[in-house]
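Each remark here refers to the structure printed beneath this line.
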Amino acid sequence: GAVVSQHPSRVICKSGTSVKIECRSLDFQATTMFWYRQFPKQSLMLMATSNEGSKATYEQGVEKDKFLINHASLTLSTLTVTSAHPEDSSFYICSAPASTEAFFGQGTRLTVV
Amino acid sequence: AQRVTQPEKLLSVFKGAPVELKCNYSYSGSPELFWYVQYSRQRLQLLLRHISRESIKGFTADLNKGETSFHLKKPFAQEEDSAMYYCALGRGSTLGRLYFGRGTQLTVWP
């Protein structure tokens with residue numbers, strides 16, 4: 001199947017700084033990618049839809065200025081958590097559709113200290 | 114509003130026993146339902162989708178619109194089936210835009 005890769009797998013940052021997470025489709029092109037957030041022992045929550053060449057579509061309650069999404073090419077979407085706070089610590093997962101299913105990245109564990 | 118409910122957080126069975134992971138959904142449109150599985154230290158991967166009506170690794174799931182359910186079943190569980198299982202609802206016409214249930218951790222004992 002298609003492969004989606006996230007980088008980094010883990011990141012620790014200080015409060016107030018920004019951190020960027022990359023999501024790449026390795027062997028296919030994706031005009032749309034999705035960003036999810038998963039709290040410990042909870043479900044995945046869709047944050048936003050990343051659209052190549054246009055603005056991302058955010059789900060209700062997700063701060064677009066806090067979670068900046070850029071989808072500059074057909075194989076790369078980035079999520080930047082700006083001015084991170086400890087409550088932003090979470091597991092962030094991206095996915096991209098290919099053919100008839102969505103393929104998921106391995107996730108990025110963000111810890112804000 | 115869309116909602117996916119997986120009532121069991123944890124489920125344990127012995128090898129060879131039947132297993133059923135429950136999933137109920139709430140959606141005003143025509144639902145598109147999936148089961149995803151996450152094995153230990155691996156990424157989420159698709160197990161089944163309701164439109165294919167297929168059996169994967171011995172698992173089946175039937176969409177029951179009357180009961181708004183999409184339960185996952187396997188007649189004889191295996192130890193390698195131990196994993197986290199998520200029921201997911203497709204949102205809108207965009208493939209991959211999913212609403213997930215909280216997941217059920219299945220443990221199959223030898």
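If you're matching them up, the sequences are chains A and B in order. Residues 1 to 113 (the working numbering) are what the first sequence spells out, left to right. Residues 114 to 223 (the working numbering) are what the second sequence spells out, left to right. From the three backbone atoms N, C-alpha and C, an ideal C-beta is built for every residue, glycine too.
Contact between Leu76 (chain A) and Phe67 (chain A) is ruled out by a C-beta separation of about 17 Å, above the 8 Å threshold. For Pro97 (chain A), the nearest beta carbon of chain B is closer than 8 Å to its own beta carbon.
Per the coordinates, the alpha-carbon of Pro97 (chain A) lies some 17 Å from the alpha-carbon of Gly53 (chain A). The C-beta separation of Phe183 (chain B) from Ala174 (chain B) comes to about 6 Å, placing the pair in contact by the 8 Å criterion. Per the C-alpha coordinates, the member of B:Gly171, B:Gly179, B:Glu192 positioned closest to Ser141 (chain B) is B:Gly179. Where Asn70 (chain A) is concerned, the enclosing beta strand (DSSP E) starts and stops at 67–73.
About 23 Å separates the beta carbon of Ser89 (chain A) from that of Val4 (chain A), a gap too long to meet the 8 Å contact definition. Under the three-state reduction of DSSP output, Glu193 (chain B) falls in the helix class.
Rounded to whole angstroms, the separation of the alpha carbons of Asp194 (chain B) and Ser99 (chain A) is 26 Å. Taking a C-beta cut-off of 9 Å against chain B, the contacting residues of the stretch 101–112 of chain A are Glu101, Ala102, Phe103, Phe104, Gly105, Gln106, Gly107, listed in chain order.
Taking a C-beta cut-off of 8 Å against chain A, the contacting residues of the stretch 183–217 of chain B are Tyr199, Arg204, Thr207, Leu208, Gly209, Arg210, Leu211, Tyr212, Phe213, Gly214, Arg215, Gly216, listed in chain order.
With respect to Leu202 (chain B), Leu146 (chain B) sits close: the two C-beta atoms are nearer than 8 Å. Per DSSP, the continuous beta strand (DSSP E) segment holding Tyr149 (chain B) begins and ends at 146–151.
Between Val117 (chain B) and Gly214 (chain B) the beta-carbon gap is near 4 Å, inside 8 Å, which marks them as a contact.
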